[in-house]
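One structure is given here, and the rest of the page talks about it.
Protein chains: 2
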Amino acid sequence: MADLEEEVLARIERQRKLRPRFRDSVITMAHGAGGKATHTLVAGLFAHAYANDALSELADAARLDIAGAPVAFTTDAFVVKPLRFPGGSIGELAINGTVNDLAVSGAKPLAIATAFVLEEGLDANVLKAEVEAMARAAEAAGVPVVAGDTKVVERGKADGMYITTTGIGVGDERARLSATSIRPGDHILLSGYIADHGTAIMLARGELELDADVVSDTRSVWPFVVALLDAAAPHVRVMRDPTRGGVATVLNELAGDADVGVVLDEDRVPVRPPVKGACEILGIDPMYVANEGQLIAVVAEEAAPHALAALRSVPGGEDAVDVGRVADQPAGMVLVNTTFGGTRIMDMLIGDPLPRIC
Amino acid sequence: MADLEEEVLARIERQRKLRPRFRDSVITMAHGAGGKATHTLVAGLFAHAYANDALSELADAARLDIAGAPVAFTTDAFVVKPLRFPGGSIGELAINGTVNDLAVSGAKPLAIATAFVLEEGLDANVLKAEVEAMARAAEAAGVPVVAGDTKVVERGKADGMYITTTGIGVGDERARLSATSIRPGDHILLSGYIADHGTAIMLARGELELDADVVSDTRSVWPFVVALLDAAAPHVRVMRDPTRGGVATVLNELAGDADVGVVLDEDRVPVRPPVKGACEILGIDPMYVANEGQLIAVVAEEAAPHALAALRSVPGGEDAVDVGRVADQPAGMVLVNTTFGGTRIMDMLIGDPLPRIC
Chain A
0 MADLEEEVLA RIERQRKLRP RFRDSVITMA HGAGGKATHT LVAGLFAHAY
50 ANDALSELAD AARLDIAGAP VAFTTDAFVV KPLRFPGGSI GELAINGTVN
100 DLAVSGAKPL AIATAFVLEE GLDANVLKAE VEAMARAAEA AGVPVVAGDT
150 KVVERGKADG MYITTTGIGV GDERARLSAT SIRPGDHILL SGYIADHGTA
200 IMLARGELEL DADVVSDTRS VWPFVVALLD AAAPHVRVMR DPTRGGVATV
250 LNELAGDADV GVVLDEDRVP VRPPVKGACE ILGIDPMYVA NEGQLIAVVA
300 EEAAPHALAA LRSVPGGEDA VDVGRVADQP AGMVLVNTTF GGTRIMDMLI
350 GDPLPRIC
Chain B
0 MADLEEEVLA RIERQRKLRP RFRDSVITMA HGAGGKATHT LVAGLFAHAY
50 ANDALSELAD AARLDIAGAP VAFTTDAFVV KPLRFPGGSI GELAINGTVN
100 DLAVSGAKPL AIATAFVLEE GLDANVLKAE VEAMARAAEA AGVPVVAGDT
150 KVVERGKADG MYITTTGIGV GDERARLSAT SIRPGDHILL SGYIADHGTA
200 IMLARGELEL DADVVSDTRS VWPFVVALLD AAAPHVRVMR DPTRGGVATV
250 LNELAGDADV GVVLDEDRVP VRPPVKGACE ILGIDPMYVA NEGQLIAVVA
300 EEAAPHALAA LRSVPGGEDA VDVGRVADQP AGMVLVNTTF GGTRIMDMLI
350 GDPLPRIC
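Sequences listed follow chains A and B, in order.
Numbering-wise, numbering that gives the first Met the number 0 puts 185 at position 186 of the first sequence, and it's gapless, one number per residue.
Numbering-wise, numbering that gives the first Met the number 0 puts 91 at position 92 of the second sequence, and it's gapless, one number per residue.
Right, dumping it as structure tokens:
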């Protein structure tokens, strides 16, 4: 523990000194992985250039005021490879991903726009299948696709297709969500098994010669959000969907934004045995692997049991768990109580061990 | 003229019989060119799959109602090659293109979201330059960039970068725009010289070994829209920005949507001499070449002179012209009175003579 304390103190010192600056000379896969390099790019380049209040929050969705209504606005590019995988496909992911960014910001999805970059020579049936998958996912999420655009690039570019989806949502008036409202003692709730999506993609690429039965968790998390707000709206501090960079990255962002510590109990975080096995072979901690249908909520201590029960009452939320709590120290960091009784620091994702996952 | 009349009658018959169905087996560059193939893809596949009122209008922007406010919502992917060209760059184009789709739908741009697909190995200074160009263009258009996303794909997969921008605008209450309000006798106003953008891109590629001084017209057309609404709001039937597929494609869409004929006077349409020269060498009619800062407005006859004067009063609109009028026949088609005293049919763009122009 002495080493850990020293490391914690040294890191706090370094983080206090550092404001993110984008100084890289070349774009690497890591800039798209959702971890430290992405954070530096976004905070150090984009937020600086486009300086405005809505963007500088760097939340899953920007907040706007339209005719007095709180409107959420979010965009995501999808470049997942392969286009189809067990449990879903790029089109389904593109709808659910944007629905979920709205949902975790407390906004009911209202409309989606889609922009396709297609590769010349793409089989039209592949495109039709994705358009139909998107239509089904949008219907399941109760949101219409109202606008679109299509561009085509030459053979060899775009891997079949890239899809960008952008969503507008209207904020649920009960949702008063902000990382800065997080307080020591709050509980961390997780809606279910982690790392299914990223692992399913890696296995679908066939590079591992593993034949595990892992299926992407892609789905709308809006039903979880409704259940949480119905059960405990004033006590829900913030919600996130742990996609790129996984649970580890989301908790680090929250710890940093709220300037609190987060303590996670590793053995309470549910990981399916085939996912655990595949991650071991890959040499990757499932905490860093993308999810596409899970939700993390920070909830005040007094409401945590009730909120957890609400999550578990939603179909697909049966495996929800209370995985940890917020502490005042070490501020800005995530500690994990390991299965073996030790404690380790869980940092943001560095590099990109799982490229093109969403 | 007998041949022309026969051709007109035969076409009317064919168009009446045809409803767009997407039957192509493979995606080609033409599907991204904004002409006939794009129209069939959008109307035959997307609009069918996502069936809803907002999308089925297939306008430049979808219309939504948020808290009683008329909201416009539009998205565009940009894949222009090269990334920088005389007069602009992909980032500037991405902001202005989306601003203009909102503007011509009569909506004041309120917020923009940007999604980047970056190529691994991209020089970070190239990205910085585009982010700064976007910030400048957004500031010039008076609209904040409030949300974003970044993905990275492997070398060779994205030509440096692709950018998707999505915009939200709030409808100007004076704008009552619809192609179905177009009436015989209406005038067609054009804000200035055509084909500058597409020609500048082709020359910038260096494939022509031509060294003409042609500069892209990329800019926000919102000032033109404000001037038209200030001068003649109740008489403005519809506005469009003639991007991919050019003036010819926009007029064909309007003729089809309104079920009217459009008669254009070729020698009134302003084309700069170097643009005319380059188009002749390319074997392309400037009417089909993309513009990124021009506006076409259909205005009632009685308001046309006043509206034209308003356009000309806007900086950059000095060369605006009244280029033609609406007739009741031949419904759904565009006729051009040529410089040489003849008349020809100007169809929608077929194929993609100028790929990757925006």
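Note that CB positions come from ideal geometry on N, CA and C, so glycine has one too.
Computed from a predicted structure; not experimentally measured.
Residues of its chain near residue i, where Cβ-Cβ distance is below 8 Å and the 5 sequence neighbours each way are ignored
{"i": "G244 (chain B)", "result": "A32, G33, G34, T37, Y287, A289, M347, L348"}
{"i": "E301 (chain A)", "result": "H234"}
{"i": "A9 (chain A)", "result": "none"}
Distance CB(residue i)-CB(residue j) smaller than 7 Å
{"i": "L307 (chain B)", "j": "A296 (chain B)", "result": "no"}
{"i": "G86 (chain A)", "j": "A199 (chain A)", "result": "yes"}
{"i": "T97 (chain A)", "j": "G159 (chain A)", "result": "no"}
{"i": "L253 (chain B)", "j": "A174 (chain B)", "result": "no"}
{"i": "G67 (chain A)", "j": "A66 (chain B)", "result": "yes"}
{"i": "P329 (chain B)", "j": "V7 (chain B)", "result": "yes"}
{"i": "V261 (chain B)", "j": "V333 (chain B)", "result": "yes"}
{"i": "G105 (chain A)", "j": "L176 (chain A)", "result": "yes"}
{"i": "T39 (chain B)", "j": "A60 (chain B)", "result": "no"}
{"i": "H305 (chain A)", "j": "A232 (chain A)", "result": "no"}
{"i": "D185 (chain A)", "j": "A326 (chain A)", "result": "no"}
{"i": "D75 (chain A)", "j": "D148 (chain B)", "result": "yes"}
{"i": "G292 (chain B)", "j": "D216 (chain B)", "result": "yes"}
{"i": "I111 (chain B)", "j": "V142 (chain B)", "result": "yes"}
{"i": "S190 (chain B)", "j": "G316 (chain B)", "result": "yes"}
Nearest-angstrom Cβ-Cβ length linking residue i and residue j, presumed shorter than 8 Å
{"i": "I162 (chain A)", "j": "T113 (chain A)", "result": "6 Å"}
{"i": "G323 (chain A)", "j": "L227 (chain A)", "result": "With a Cβ gap of about 17 Å, G323 (chain A) and L227 (chain A) do not count as contacting."}
{"i": "V224 (chain B)", "j": "D195 (chain B)", "result": "So it is not a contact: roughly 20 Å between Cβ atoms."}
{"i": "E119 (chain B)", "j": "I26 (chain A)", "result": "6 Å"}
{"i": "I344 (chain B)", "j": "V268 (chain B)", "result": "Going by Cβ atoms, the distance from I344 (chain B) to V268 (chain B) rounds to 16 Å, so no, they are not a contact pair."}
{"i": "S24 (chain B)", "j": "A139 (chain B)", "result": "Not quite, the Cβ-Cβ distance comes to about 44 Å (not below 8 Å), so this is no contact."}
Distance, residue j Cα to residue i Cα
{"i": "L294 (chain A)", "j": "D240 (chain A)", "result": "5 Å"}
{"i": "E265 (chain A)", "j": "S312 (chain A)", "result": "24 Å"}
{"i": "D285 (chain A)", "j": "K107 (chain B)", "result": "In the sequence under discussion, the amino acid at residue 285 (chain A) is Pro, which differs from the Asp named in the question. Rounded to the nearest angstrom, the two C-alpha atoms are 46 Å apart."}
{"i": "S180 (chain B)", "j": "V237 (chain B)", "result": "8 Å"}
{"i": "Y49 (chain B)", "j": "A309 (chain B)", "result": "39 Å"}
{"i": "A102 (chain B)", "j": "I94 (chain B)", "result": "12 Å"}
{"i": "N390 (chain B)", "j": "P222 (chain A)", "result": "Any property of residue 390 (chain B) remains undetermined from this structure, which presents chain B solely from 0 to 357."}
{"i": "R360 (chain B)", "j": "F84 (chain A)", "result": "Lying before the first or after the last residue shown, residue 360 (chain B) is absent from chain B, which here runs from 0 to 357."}
{"i": "N251 (chain A)", "j": "L121 (chain B)", "result": "28 Å"}
{"i": "A46 (chain A)", "j": "P69 (chain A)", "result": "22 Å"}
{"i": "F115 (chain B)", "j": "L44 (chain A)", "result": "13 Å"}
{"i": "L109 (chain B)", "j": "F339 (chain B)", "result": "46 Å"}
{"i": "N124 (chain A)", "j": "H30 (chain B)", "result": "14 Å"}
{"i": "L82 (chain B)", "j": "E172 (chain A)", "result": "43 Å"}
{"i": "A58 (chain A)", "j": "V41 (chain A)", "result": "11 Å"}
{"i": "V249 (chain B)", "j": "V259 (chain B)", "result": "13 Å"}
{"i": "L54 (chain B)", "j": "E5 (chain A)", "result": "59 Å"}
Unbroken beta strand (DSSP E) run spanning residue i, endpoints
{"i": "P233 (chain A)", "result": "Where P233 (chain A) is concerned, there is no enclosing beta strand (DSSP E), given that its DSSP letter is neither H nor E."}
{"i": "R311 (chain B)", "result": "That residue, R311 (chain B), is in no beta strand (DSSP E); its alpha helix (DSSP H) goes 303-311."}
{"i": "H186 (chain A)", "result": "186-189"}
{"i": "A110 (chain A)", "result": "106-118"}
{"i": "T74 (chain B)", "result": "68-77"}
{"i": "G90 (chain B)", "result": "Taken as a continuous stretch (DSSP letters only), G90 (chain B) belongs to no beta strand (DSSP E), being part of the alpha helix (DSSP H) at 89-103."}
Extent of the continuous alpha helix (DSSP H) run through residue i
{"i": "H38 (chain A)", "result": "35-40"}
{"i": "L126 (chain B)", "result": "123-140"}
{"i": "N51 (chain A)", "result": "Looking at the DSSP string, N51 (chain A) is not in any alpha helix (DSSP H), and its letter there is neither H nor E."}
{"i": "D195 (chain A)", "result": "195-203"}
{"i": "V249 (chain A)", "result": "245-257"}
{"i": "V320 (chain A)", "result": "Segment 320-326 is the beta strand (DSSP E) holding V320 (chain A); no alpha helix (DSSP H) there."}
{"i": "V274 (chain B)", "result": "272-281"}
Close beta carbons around residue i, own chain, < 6 Å, minus the five adjacent residues each side
{"i": "G197 (chain B)", "result": "V288, A289, L353, I356"}
{"i": "A132 (chain A)", "result": "S88, G90, E91"}
{"i": "V335 (chain B)", "result": "L263, E265, R343, M345"}
{"i": "K150 (chain A)", "result": "V116"}
{"i": "D2 (chain B)", "result": "none"}
{"i": "V246 (chain B)", "result": "I193, M286"}
Sequence-distant residues of the same chain with beta carbon closer than 7 Å to residue i, five excluded per side
{"i": "L202 (chain B)", "result": "L209, A211, V213, A277"}
{"i": "G282 (chain B)", "result": "none"}
{"i": "E153 (chain A)", "result": "E119"}
{"i": "K156 (chain A)", "result": "E118"}
Residue i beta carbon near the ligand PLP (any heavy atom closer than 6 Å)
{"i": "D158 (chain B)", "result": "Only the bare structure without any ligand can be found here, which leaves the ligand PLP out of the picture."}
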